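So for the sequence shown, this note's numbering puts the first residue at 37; every next one is plus one.
We treat Cβ as the ideally placed atom computed from N, Cα and C, and that holds for glycine.
Computed from a predicted structure; not experimentally measured.
Remarks on the structure that follows.
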Amino acid sequence: MGHLGAGWLERPEREAEENPTALIRLLEVKPTDVVADIGAGTGYFSFRIAPLVPRGKVLAVDIQPEMLAAIRDKRKRVGAANVEAVQGRVDDPALAAASVDLALMVDVYHEFSQPCEMLRAIAKALKPGGRLALVEYRAEDSKVPIKPLHKMSQAQAVREVEAAGLRWQRTLDDLPWQHLMFFVKPASQ
Ligand SMILES: C[S@@+](CC[C@H](N)C(=O)[O-])C[C@H]1O[C@@H](n2cnc3c(N)ncnc32)[C@H](O)[C@@H]1O
């Protein structure tokens, strides 16, 4: 999605369509967690998670400078000192190795032009035992009113993420339209 769609990301209808409050609760973040919101866009999730990690931080990663500028602007406006904007590349989120407790991707993975490279880099950035939460519109559910290109099945996600060395843990289908899939980095990696 181009930065001209930034307004769409902040639309009030998201509350009903995605139930972000429930999504964030289901992430079970700890106050000390370092959360990487990869493909953060305008920071819709970054700024909602920031108060939950007062002794950690949110790394809001995006490849579009305009999105990062919007995040830096909002950070100043709302005084969210623990949100950091990070310039990523199409094949690398530019995060330090073994530095992240939770990587979150909401409606992002299907947009990646280099998904294998991104997943491998994300796996590297996670701490041993760290988690990836992948949120995508359910391809298996024809009642979800989203174009097929923007949806993903659980089977496809598990196959592709596990190929990068992360292990599928569980999938929650409590959200109105999306899968919430958790993967973990094995402690031995
Ligand atoms: C549909 S938006 C979702 C934004 C946000 N996660 C949300 O739910 O509001 C997808 C975002 O992913 C970003 N993106 C695409 N490829 C990326 C990559 N390789 N690394 C980081 N961000 C990427 C786009 O620039 C865009 O801002």
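Residue i beta carbon near ligand 1 (any heavy atom closer than 7 Å)
i      : result
Gln205 : no
Phe148 : yes
Ile74  : yes
Tyr173 : no
Pro129 : yes
Ala154 : In the sequence as displayed, the identity of residue 154 is Met instead of Ala. True, at least one ligand heavy atom lies under 7 Å from that Cβ.
Ile99  : yes
Gly124 : yes
Residue i: first and last residue of the uninterrupted beta strand (DSSP E) it sits in
i      : result
Tyr80  : Looking at the DSSP string, Tyr80 is not in any beta strand (DSSP E); the run it does join, the alpha helix (DSSP H), is 80-85.
Ala130 : Here Ala130 belongs to no beta strand (DSSP E), and DSSP marks it neither H nor E.
Ala97  : One detail in the question is off: residue 97 reads as Val in this sequence, not Ala. From DSSP, the beta strand (DSSP E) with Val97 extends over 93-98.
Boundaries (first-last residue) of the alpha helix (DSSP H) holding residue i
i      : result
Val197 : 190-198
Trp204 : It is not in any alpha helix (DSSP H) - Trp204 instead sits in the beta strand (DSSP E) that spans 203-208.
CA-to-CA distance, residue j to residue i, given in whole angstroms
i      : j      : result
Ala106 : Thr78  : 6 Å
Ala199 : Leu138 : 19 Å
Arg174 : Leu59  : 15 Å
Leu202 : Leu45  : 28 Å
Ser178 : Leu208 : 18 Å
Outcome for residue i when other beta-carbon atoms lying within 10 angstroms are tallied against a minimum of 16
i      : result
Asp73  : buried
Gln123 : exposed
Glu147 : exposed
Trp213 : buried
Lys112 : exposed
Asp109 : exposed
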